[in-house]
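Asks: For the sequence shown, my numbering assigns the number 16 to the initial residue and increments by one for each residue that follows. Just so you know, even glycine gets a beta-carbon here, dropped at the ideal spot from N, CA and C. I'd like to ask you about the structure that follows.
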Amino acid sequence: MRLMDALVAPSPRAELPPRLKALHFPAPLEWIRIEDVIREARAEEPSLSAKAFWNRWADKDSFVVDLVTYALDTSAMGGTIAPHTHRLRDDLSADRPSVAIRILTRSVMLELLAQPQAFLLGHLAAVVHHAPSLQEALARGVDADARTWEQFYDATLAAAGLRWRPGWDAARAQVVLGALIDGLLVRSRVQLPDADRPAWDPADLLADATIAIFAGMVDVDRAGRSPAEVLDAAAAGDG
16 MRLMDALVAP SPRAELPPRL KALHFPAPLE WIRIEDVIRE ARAEEPSLSA KAFWNRWADK
76 DSFVVDLVTY ALDTSAMGGT IAPHTHRLRD DLSADRPSVA IRILTRSVML ELLAQPQAFL
136 LGHLAAVVHH APSLQEALAR GVDADARTWE QFYDATLAAA GLRWRPGWDA ARAQVVLGAL
196 IDGLLVRSRV QLPDADRPAW DPADLLADAT IAIFAGMVDV DRAGRSPAEV LDAAAAGDG
């Protein structure tokens, strides 16, 4: 177990005990071979050469960083917002925010499930600290996507005439909902049929959970109370 822990522990290699520093931790995406990359590229453009590849990338690490950056950009969750914004405005103007949330979140999850790149973050996150340049690229991609969602959440609440509860804002909401999406994506790959546990649909579960979370984070009763205050008041019978 200590060997496995060393791979996924947050400590960088320099801080590991001497006996563990000598271990070979496979680099993230180490399985990618440049000769395979070149062969795949030639299948679409026969004139491409190995020399052209090495003229563009000095080493494999720089190629992997660019590859991950591109994959994150093309699979960013924020990129799924645009096609649904008009329907979202209609549902919000009709006082149906739950319908708007359900339509959007289901669409987002279904699109992500269909994109292999969407699973990249879950694949890399636990071990990417062994490759600092890749970790930086991953962080930049996640941050750019987060900003898109933060702007979207603030605009959505404004359109619905609602505000965040005290202690909450778009940035915190994005972290929570982003983690929920990432977790459901990963869990969807390990869900097995079980007679004792009903199967769950990632798109439906994301929709239901997002509605529940927003009901807590958003000041739906316009009382200016934090989620903790609302819960404590309900438990005390004060509504």
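Which same chain residues end up closer than 7 Å to residue 42 when comparing Cβ atoms and leaving out the 5 residues on each side of it in sequence?
Replies: 145, 146
Asks: From residue 137 to residue 197, what distance separates their C-alpha atoms?
Replies: Here the alpha carbon of residue 137 sits roughly 7 Å from the alpha carbon of residue 197.
Asks: Can you grab the Cα-Cα spacing for the pair residue 79 / residue 68, in whole Å?
Replies: 13 Å
Asks: What did DSSP end up calling residue 69 once you bin it into helix, strand or coil?
Replies: helix
Asks: Candidates 115, 54, 190, 221: which alpha carbon is nearest residue 171's?
Replies: 115
Asks: Mind checking who residue 233 pairs with in its DSSP beta bridge?
Replies: 179
Asks: My understanding is that residue 200 touches residue 225, with C-beta atoms under 8 Å, so please give their C-beta distance in whole angstroms.
Replies: About 14 Å; that fails the 8 Å criterion.
Asks: Going by DSSP, what residues sit across from residue 48 in a beta bridge?
Replies: Looking at the DSSP output, residue 48 sits in no beta bridge, so it has no partner there.
Asks: Can you give me the Cβ contacts of residue 189 inside the same chain, cut-off strictly under 7 Å, excluding the 5 residues immediately before and after it?
Replies: 161, 164, 165, 168
Asks: How would you write the range of the alpha helix (DSSP H) that residue 241 sits in, first residue to last?
Replies: No alpha helix (DSSP H) contains residue 241, which DSSP labels as neither H nor E.
Asks: Going by DSSP, what residue range makes up the alpha helix (DSSP H) through residue 130?
Replies: From DSSP, residue 130 is part of no alpha helix (DSSP H); its letter is neither H nor E.
Asks: Quick check: the segment 149-161 against the segment 225-240, are there 3 or more CB pairs under 8 Å?
Replies: no
Asks: Report the residue from 62, 47, 121, 33 whose alpha carbon sits nearest the alpha carbon of residue 82.
Replies: Checked all of 62, 47, 121, 33; the closest Cα to residue 82 is 47.
Asks: Comparing C-alpha positions only, which one of 129, 184, 53 sits nearest to residue 233?
Replies: 184
Asks: Check whether the segment 173-182 touches the segment 238-253, counting contact only when three or more Cβ pairs, one atom from each stretch, lie closer than 8 Å.
Replies: yes
Asks: Give every residue of the same chain whose Cβ lies closer than 6 Å to the Cβ of residue 124, excluding the five residues on either side of it in the sequence, and list them in chain order.
Replies: So the qualifying residues of the chain are 217, 218, 221.
Asks: Residue 31 to residue 112, Cα distance in whole Å?
Replies: 50 Å
Asks: What residues in its chain sit with their C-beta under 7 Å from that of residue 84, if we drop five residues either side in the sequence?
Replies: The answer, listed in chain order, is 152, 156.
Asks: If you run the structure through DSSP and keep just helix, strand and coil, what is residue 197?
Replies: helix
Asks: Spatial neighbours of residue 117 within its chain, please: C-beta separation below 6 Å, excluding the five flanking residues on both sides.
Replies: 222
Asks: What is the rounded straight-line gap between the Cα of residue 66 and the Cα of residue 73?
Replies: 11 Å
Asks: Is residue 160 helix, strand or coil by DSSP?
Replies: helix
Asks: What is the DSSP secondary structure of residue 216, reduced to helix, strand or coil?
Replies: coil
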